[in-house]
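**Q** The opening position of the sequence shown corresponds to residue 692 in our numbering, with each subsequent residue numbered one higher. C-beta: ideal position from N, C-alpha, C; glycine also.
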Amino acid sequence: MLNTFGGTWWSAKPDGSVDRAMVDRPEFRAALEFYVRLVRDAGETHAERASYNQCLALYRSGKVAMWYDATVAAGALEAVDSDVKGKNGYAAAPVARTEASGWLWSWALAVPTSSTKTDLAWQYVAWATGPRYVREAGERIAGGWASVPPGTRRSTYEIPDYRDAARAFAQPTLDAIESAPVDNPGTTRRPGNPGVQYVGIPQFQDVGNQCTEQFSAVIAGRSSVDSALANCQQIASRAGR
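#1: Name the residue from Asp760, Phe696, Ala733 whose alpha carbon lies nearest to the alpha carbon of Asn744.
#2: What did DSSP end up calling Ser870 once you bin it into helix, strand or coil?
#3: Does the beta-carbon of Ser792 have 16 or more other beta-carbons within 10 angstroms, so that it is buried, or is it exposed?
#4: Is DSSP giving Ser708 helix, strand or coil here?
#5: Please check the pair Ile926 and Cys902, which I expect to be a contact at CB under 8 angstroms, by giving their CB distance rounded to whole angstroms.
#6: Out of Ala764, Ser797, Leu920, Phe895, which has the shortest C-alpha to C-alpha gap to Tyr750?
#7: Please classify Ala703: does DSSP put it in a helix, a strand, or coil?
#8: At which residues does the alpha helix (DSSP H) containing Trp813 begin and terminate?
#9: Trp701 and Pro872 - do their beta-carbons sit closer together than 8 angstroms?
#10: With the cut-off set at 8 angstroms, would you say Glu769 and Ala857 are in Cβ contact?
#11: Any idea what DSSP makes of Ser918, helix, strand or coil?
#12: Taking Val909 as the reference, give the member of Val775, Glu739, Ala712, Pro717 with the closest Cα.
#13: Can the beta-carbon of Ala741 be found closer than 8 angstroms to that of Met692?
#14: So is Val709 buried or exposed if we call it buried at 16+ other beta carbons inside 10 Å?
#15: Just reading off the alpha helix (DSSP H) that Ile910 is part of, what are its end residues?
#16: Decide if Val714 is buried, meaning its Cβ has at least 16 other Cβ atoms within 10 Å, or exposed.
#17: Quick check on the DSSP output: what are the complete alpha helix (DSSP H) runs of length 4 or more inside the region 731 to 806, in order along the chain?
#18: Which residues mark the beginning and the end of the alpha helix (DSSP H) in which Gly877 is found?
#19: Smallest Cα separation from Gly931: which of Ala911, His737, Arg711, Pro705?
#20: What is the rounded straight-line gap between the Cα of Asp772 and the Cα of Ser752?
#21: Under three-state DSSP, which class holds Tyr889?
#22: Please classify Pro840: does DSSP put it in a helix, a strand, or coil?
#23: According to DSSP, is Ala927 helix, strand or coil?
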C-alpha cells in the first residue's frame, strides 16, 4: 500500500544504499491514514490484535466478506475442509499511483553451520522444496490438492489434479507473481531493490517491528497518526545512520 501511494521508508543514494528516512513525507501519511480509516470502518473488532490465523479462521467461518492477504492463503480457503470452498473470488490488490501494488516474499530453509549432519539435512531440504514432495503431498495433505504450497514451483501448475483443485486461484497466483514490480515497485528510486517491500539492511526487521507497534496503537485509538509518523521517522532515521 505504501508503494502504490508513492511512499517509501528511505530514499536511495546513487549506489542504491539507504539514504534519508522518508516516513515524514506526505505519501507515507496518505497511505497510513487510508489504511487506518479502512480498518476502522470495515475491519474486524480489535483488528490491531488479529493475527494471520485469526483472520483466516474468521474468513473460513463466513464472518468476513473480504480478506486482503497473500496468494499463499488461497489454498486454505479452497481446501476440502473449508466452509467457504468454491465461494471465493480473487482479485489483485488495488492501486493508487502505480500500475501494480503486488509484492514478492519468500520463506527459506537453511542448514546451520553447527549441524553435524549437513548432508542429511540438505537431502531433506532438497526433497521438501522439490517436485517429488508436491506430488506426494497432494495425495496426503489434509486439505487436499488445493492446499499444496502455491507459488513455489512452476511444475506444480502442470499437475492435472492441482490445476483442477486450484482452478479458482492458480492463474491469479501466477499472474500476481509475474506482474509484481520487483525492480520498480513505487514512484521513486528506493534502496533494497530488487525486492518490492523488503529493504536489504539488517535493521529493517527491527524498524518494521517498532513501527508496527506504532501503527497498531493508532488503529486501537491509543495514539495519533501524527505521533506514529513522528516516532517512526526517528526510528527509521536512527536505523539509516
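**A** Working from what's here:
#1: Asp760
#2: helix
#3: buried
#4: coil
#5: 6 angstroms
#6: Ala764
#7: strand
#8: 809 to 819
#9: no
#10: yes
#11: helix
#12: Glu739
#13: no
#14: buried
#15: 895 to 910
#16: buried
#17: 743 to 751, 765 to 768
#18: That residue, Gly877, is in no alpha helix (DSSP H); it is neither H nor E in DSSP.
#19: Arg711
#20: 11 angstroms
#21: coil
#22: coil
#23: helix
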